[in-house]
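Written out below as structure tokens is the structure these notes cover.
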Amino acid sequence: MHPGESSKKAVPPANGSGCSIESMPEGILEHILGFLPAPEAVQTCVLARRWRHLWKSATSLRIGCNGEGYLTPLRKYRELMDHVLLLRGGPPLDTCEFRFGDFQDEDVPRVNLWLRHALMCNARVFSLSVGTGPSPYIELDDLPLASQQLMRLELTWVQVRDSFLNFSSCPFLEHLAFDYCEFLLVTKISSESLKHLIIYSCDIESSTSEHSRIRICAPNLVSLHIEDLTGRTPILESMPSLTNAFVRITTSCHDICNKLLDPNCSQCGCEFCGTSVNVGDGDKCCVLLNGLSEAKDLDLESSPQMFIFKMDLKWSPVFSKLKTLLLNEYWCMPDDFGALTCILEHSPVLEELTLELFYEGRKYKLEMEGSITGDRPATISRHLNIVKVKCQDVDERVVKILNVDALNLFDEMSPGKKGMQVPALGGSGGIDALPDEVLEHILGFLQAEEAGRTSVLARRWRHLWKSVTALHVTCLVKIPHAAPAVWLGGVPEGCR
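Each residue of the sequence shown is one higher than the last, beginning at 123 in the numbering used here.
The structure is reproduced here in structure tokens:
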């Protein structure tokens with residue numbers, strides 16, 4: 123037997139042919155090894171003589187990516203990293219994915235070395251996630267990254283400073299994601315090539331002052347996702363290529379107006395109220411909406427007490443390309459639909475509007491959809507033909523929104539165009555295709571209060587509840603004469 127024959131591990135032929143994995147060229151094997159976690163890729167060195175050094179040239183390097191919930195402490199990977207990364211040879215790296223558990227102070231320079239070395243190996247995709255240590259975040263060197271190949275960068279639980287966020291030396295970087303990171307003493311995130319940006323649950327601190335905001339300068343951005351930030355909301359500079367954006371401002375943000383939370387509040391030091399005590403960058407320019415004004419698809423959500431969106435509307439941004447818009451209850455506060463009306467008046471080509479009128483963290487139970495066919499204010503887009511309302515219940519607030527002048531949904535909605543989303547029967551029609559008698563029978567299974575509230579679904583439904591075949595009224599306390607008034611409270615006057 124020849125020496126080479128005894129060392130090769132037999133592999134069953136594929137599809138009955140004489141071809142096996144051993145017959146594949148090394149370039150393909152190196153690519154296959156790149157899909158394995160690094161420890162498993164290294165273990166292939168015992169398969170045969172040919173495999174001894176193939177793992178050193180795997181096109182991807184994955185450490186700690188075993189799919190399990192528990193992350194191994196970083197110290198257990200130190201020796202492995204020195205071999206598989208610092209001593210590697212062969213073709214350039216395509217992907218580097220590092221998932222480490224707890225770290226120690228002496229690990230900080232190691233992680234920075236591994237990051238820079240991975241870029242020297244021409245990694246196109248780099249992903250780093252580190253667990254907790256002496257501090258919540260592992261600090262990355264305040265030096266710009268330089269790579270002619272890097273296209274995607276994903277960072278989780280790291281601390282970055284100003285110089286690191288200058289990506290001018292990464293001319294092909296297109297995807298950038300920060301999850302649970304800290305931006306310390308930062309003035310700007312800048313990249314001419316960036317197309318997709320995610321900033322999720324990050325702590326942002328400007329380098330100028332506590333009232334200053336960092337700026338995001340990414341003129342070629344196509345998609346943007348900003349959610350649950352701590353600190354001051356960043357200023358978005360012009361993004362003419364923007365297609366879709368999701369922005370959610372929660373109570374973690376520092377941009378709070380006490381008067382929005384409590385209308386009876388007499389004093390508030392926020393920018394929105396315009397006091398001289400606390401005037402920041404938002405008093406000099408539009409923070410978010412000008413930067414988002416070129417988008418075609420927008421999802422804008424905020425907690426009730428946050429002032430950014432309402433302050434931005436004072437600058438009258440025009441959404442000249444906006445086709446679909448999703449807004450949460452922040453835009454539909456009781457007795458104040460000014461923000462909703464304003465953004466609709468500045469969206470001249472809007473085609474579809476969705477209003478989510480339920481509390482954060484809950485799921486909606488009812489979805490109404492309609493189209494406006496009658497007259498509308500001249501300031502509202504003539505293309506706006508689809509309006510969706512998602513809520514938990516049809517209460518007084520929902521009824522007011524359906525009657526807001528800017529939409530006039532209740533009076534102008536064509537019968538059959540608006541109602542609960544129910545699968546069509548027999549493949550066509552839907553619940554609106556059923557005859558009145560069947561609908562009256564269905565309504566008979568509801569509590570009287572719920573049946574009465576269906577009067578707002580569409581013109582056809584205004585009086586159906588009066589003809590239900592069964593009446594269910596449940597009172598937990600004795601109410602001698604007020605019971606009708608209690609459950610009729612959700613029925614508009616014109617439908618009683």
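We treat Cβ as the ideally placed atom computed from N, Cα and C, and that holds for glycine.
Check, Outcome
"Simplified DSSP assignment, three categories, for Ser-285", "helix"
"For Met-428: DSSP bridge partner residues", "Ile-378"
"Segment contact flag, the segment 356-376 with the segment 411-425, C-beta cutoff 8 angstroms, min 3 pairs", "yes"
"Rounded C-alpha distance that separates Leu-466 from Thr-576", "27 angstroms"
"Sheet register partners of Glu-491 (DSSP bridge)", "Lys-510"
"Entirely enclosed alpha helix (DSSP H) segments - the segment 251-330, minimum 4 residues", "none"
"Proximal residues to Trp-279 (C-beta, below 8 angstroms), its chain only, five neighbours per side dropped", "Ser-251, Val-252, Gly-253, Thr-254, Pro-258, Tyr-259, Ile-260, Asp-301, Tyr-302 and Cys-303"
"Where the alpha helix (DSSP H) containing Arg-221 begins and where it ends", "Unbroken run through Arg-221 is the beta strand (DSSP E), 217-222; no alpha helix (DSSP H)."
"Glu-473 - partner residues in DSSP beta bridges", "In the DSSP output, where bridge partners are listed per residue, Glu-473 has none listed."
"Neighbourhood of Cys-387 by C-beta, 6 angstroms cutoff - its chain only, sequence neighbours within 5 removed", "Asn-380 and Lys-381"
"First and last residue of the uninterrupted beta strand (DSSP E) at Ala-367", "366-371"
"CA nearest to the CA of Cys-375, picked from Ser-360, Ser-363 and Thr-355", "Thr-355"
"Close Cβ partners of Leu-462 (< 6 angstroms) along its chain, the five nearest in sequence each way excluded", "Trp-453 and Cys-454"
"For Leu-448: DSSP bridge partner residues", "Asp-421 and Thr-476"
"Outcome for Tyr-199 when other beta-carbon atoms lying within 10 angstroms are tallied against a minimum of 16", "buried"
"Distance CB(Leu-307)-CB(Leu-343) smaller than 7 angstroms", "no"
"Other residues of its chain near Gly-346: CB distance less than 6 angstroms, five sequence neighbours each side excluded", "A small correction: the amino acid at residue 346 is Leu; Gly does not occupy that position in the sequence shown. Here the set comprises Leu-319 and Ala-367."
"C-alpha distance - Gly-548 paired with Gln-569, whole-angstrom precision", "Confidence is the limiting factor: at Gly-548 the pLDDT is only 38, short of 50, which leaves the residue's position unreliable, though a coordinate-based value still follows. The straight-line gap from Cα to Cα measures roughly 28 angstroms."
"Residues sharing a beta bridge with Asp-458, DSSP", "Met-455"
"Asp-216 versus Met-490, Met-433 and Arg-246, residue with shortest Cα-Cα distance", "Arg-246"
"Pick from Arg-283, Ser-269, Met-273 and His-297 that is closest to Ser-291, judged by C-alpha positions", "Ser-269"
"Through-space distance from Leu-472 to Asn-234, alpha-carbon basis", "47 angstroms"
"Under the three-state DSSP convention, the category Ser-442 falls into", "coil"
"Same chain, Cβ closer than 8 angstroms to Pro-341, neighbours up to 5 away in sequence not counted", "Glu-314, Glu-359, Ser-360, Met-361, Pro-362 and Ser-363"
"First through last residue of the alpha helix (DSSP H) which encompasses His-239", "229-242"
"C-alpha distance - Asp-384 paired with Leu-435, whole-angstrom precision", "21 angstroms"
"Residue environment, Phe-222, which counts as buried when at least 16 other CB atoms sit within 10 Å", "buried"
"Proximal residues to Val-440 (C-beta, below 7 angstroms), its chain only, five neighbours per side dropped", "Ser-415 and His-468"
"Nearest residue (CA-CA) to Asn-450, options Asp-229, Pro-557, Glu-482 and Ser-312", "Glu-482"
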